[in-house]
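Down below is the structure, laid out as structure tokens.
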Amino acid sequence: MTDVKTFGDIKRPMYLLEEDSLRRNLSLINGVARRADVEIILAFKAYALWKTFPIFKAYINATTASSLYEAKLAYHEFGAQAHTFSPAYTDDEITDIARCSSHLTFNSWSQYVRYGDVARKENPSIQLGLRINPEYSEVETTLYNPCAPGTRFGITADKMPEVLPEDIQGLHCHCHCESGADVFQRTLAHIEAKFSPWFGQVKWINFGGGHLMTRSDYDVDLLVSLLNDFHKRYPHLHLILEPGSAFAWQTGVLVAQVADVVEDKGIRTAILNVSFTCHMPDCLEMPYMPTVRNAEQVTLDSTPDSKSQYVYRLGGNSCLSGDFMGSWLFNHELWIGENIIFEDMLHYTTVKTNMFNGVSHPAIGFVRSNGEMKILREYTYEDYKNRMD
Ligand SMILES: Cc1ncc(COP(=O)(O)O)c(C=O)c1O
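Sequential numbering of the sequence shown, starting at 1, is according to UniProt numbering.
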């Protein structure tokens, strides 16, 4: 049994997935799928802890892949062919990808011309699609905006032929990131304005990921009514959403420990036995400030006497100078070995982590509904060594 509030019995770095939270998300997503008659599939790029797939299978039927390995994971571990989109397929991977995919979306005309027949020959029942670019996205961070000028993603309306090739059965459009239903409403108007002339020629449309329907302030009813209205306008179209984050949103924490406390120019840093760049990369990439349990995020300038108030920057254990974040105000002086708990660290972490500097990788634990904790994965020196010659 583990104490889920402080994780006091955990004394080493560990991601901890909580079954109850995962099931809460899955059941909300399943409810949207049923109410709006849409297919909602899991984007592996955000979450791919395959030992938990048996739980997912009670709520969803398929997944989406963005590469050969993700397509293989869908086929072999989830047990269903993937809806696959990759920015660019290659000669040496396309046949394996086609075999593992039920749907295959091409990012460009040249990719379709090069691989459309190859994919259908390998897998005659595969459904081919094209990624479209509506040239409208409210995602403000350029790193996550697939519609920014010069984007390498999707085909703009001016490059679409009036009549699509016969073997194109679907359209795929991804232009959200942690977005609300109101953003989808506005974006949908642009998608429709630009691409509705082709809707009559296809069977399905995939509205991509970024629909953060499990966030507490997300307007689920609005999403359902937008999708139902869309159905009324285009009853022949099968609708697909492929969120990733929404599945793993607030499903668990990263537990770390304080390894040392150092100070320079009045800035005190608690060095942890985890790293932002290795184990929480989106914090630096996005960038976004993680939430630390039982600590208040502060700016050093706004704290009059930061020294006496237990204000700490949190630093990672890699050699990257910028591997730190903060600052946070704790209610006591931090001690070596103390647990520092980063909230909401299950989406886009375990799939993106790396072994830079050879730093130890946190284990992955799973807290079952009955409170029992199971280790899904430990990482060892062999994992580091075997990635390289
Ligand atoms: C094509 C595509 N589909 C789905 C997703 C999943 O998005 P999210 O995890 O934000 O829901 C992404 C994220 O980048 C994506 O690029």
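Ideal Cβ positions, reconstructed from N, Cα and C, are used throughout, including at glycine.
Residue i versus residue j: straight-line alpha-carbon distance, rounded
i      : j      : result
Ser86  : Leu73  : 15 Å
Trp198 : Thr291 : 44 Å
Leu16  : His347 : 12 Å
Glu372 : Pro161 : 57 Å
Pro149 : Gly210 : 20 Å
Trp335 : His361 : 22 Å
Glu93  : Leu68  : 7 Å
Pro243 : Ile60  : 12 Å
Asn357 : Gly79  : 36 Å
Asn331 : His190 : 49 Å
Glu378 : Lys352 : 16 Å
Ala33  : Ile41  : 10 Å
Ala65  : Ala119 : 16 Å
Phe44  : Thr349 : 12 Å
Met345 : Pro124 : 40 Å
Gln297 : Gln111 : 47 Å
Leu171 : Ala58  : 27 Å
Met1   : Lys194 : Any reading at Met1 needs caution, since the residue's pLDDT is 48, under 50, leaving its predicted position unreliable; the model's value is listed next. Met1 and Lys194: Cα-Cα distance of roughly 55 Å.
Arg152 : Ala88  : 10 Å
Gly116 : Arg233 : 30 Å
Ser327 : Asn386 : 36 Å
Asp91  : His279 : 33 Å
Val367 : Arg24  : 14 Å
Ala157 : Pro165 : 15 Å
Ser369 : Glu122 : 43 Å
Tyr47  : Glu263 : 37 Å
Lys203 : Asn145 : 27 Å
Thr52  : Ala82  : 17 Å
Met355 : Phe342 : 20 Å
Glu192 : Arg293 : 43 Å
Ala71  : Lys5   : 36 Å
Tyr75  : Glu333 : 50 Å
Leu22  : Gly31  : 14 Å
Phe324 : Arg99  : 43 Å
Asp389 : Asp383 : 12 Å
Glu140 : Ser179 : 11 Å
His103 : Cys147 : 23 Å
Phe184 : Cys173 : 12 Å
Lys159 : Pro235 : 26 Å
Ser245 : Lys374 : 23 Å
Tyr288 : Val274 : 17 Å
Gly8   : Ala295 : 16 Å
Thr63  : Tyr381 : 31 Å
Lys265 : Val220 : 48 Å
Cβ-Cβ distance between residue i and residue j below 8 Å
i      : j      : result
Glu135 : Arg186 : no
Leu223 : Ile168 : no
Gly315 : Ala270 : yes
Trp50  : Glu19  : no
Gln257 : Pro13  : yes
Leu284 : Tyr310 : no
Leu212 : Thr277 : no
Leu188 : Leu226 : yes
Ile132 : Gly154 : yes
Phe56  : Leu26  : yes
Ala181 : Tyr218 : yes
Ser318 : Val359 : yes
Asn206 : Ala36  : no
Ile267 : Arg215 : no
Supposed close pair residue i, residue j - CB separation, criterion 8 Å
i           : j      : result
Thr84       : Ser101 : 4 Å
Leu239      : Phe247 : Rounded, the Cβ-Cβ distance is 18 Å, inconsistent with contact.
residue 394 : Ile364 : Coverage of the chain is limited to positions 1 through 389, which leaves residue 394 absent and any answer about it impossible.
His176      : Gly208 : 6 Å
Val113      : Leu241 : That belief does not hold up - the Cβ atoms of Val113 and Leu241 are roughly 28 Å apart, past 8 Å.
Val255      : Ile10  : 5 Å
Thr105      : Leu143 : Not really, about 22 Å apart at Cβ, beyond 8 Å.
Three-way DSSP call (helix, strand, coil) for residue i in this model
i           : result
Tyr112      : helix
Tyr15       : strand
Leu312      : Here the sequence assigns Tyr to residue 312, which means Leu is not the residue at that position. Strand.
Ser21       : helix
His361      : coil
Met1        : Its pLDDT being 48, under 50, Met1 is placed unreliably by the model, and the measurement read from it follows with that caveat. Three-state result, Met1: coil.
residue 392 : Because residue 392 is not part of the residues shown, which for the chain are 1 to 389, the question remains open.
Arg377      : strand
Ala43       : strand
Ile336      : coil
Phe366      : strand
Asn30       : helix
Short CB-CB distance (under 8 Å) between residue i and chain C
i      : result
Asn354 : No chain C appears in this structure, which consists of one protein chain only.
Which runs of the beta strand (DSSP E) fall wholly inside the stretch 50-77 and span at least 3 residues, in chain order? 63-65
Segments of 3+ residues assigned as beta strand (DSSP E) that fall wholly inside the stretch 223-261: If we require 3 residues or more, the beta strand (DSSP E) runs fully inside the stretch 223-261 come out as 238-241.
At which residue ranges does the stretch 166-199 contain complete alpha helix (DSSP H) runs of 4 or more residues, listed in the order of the chain? 181-199
Runs of 4 residues minimum, wholly inside the stretch 99-158: which ones carry the alpha helix (DSSP H) assignment? 109-122
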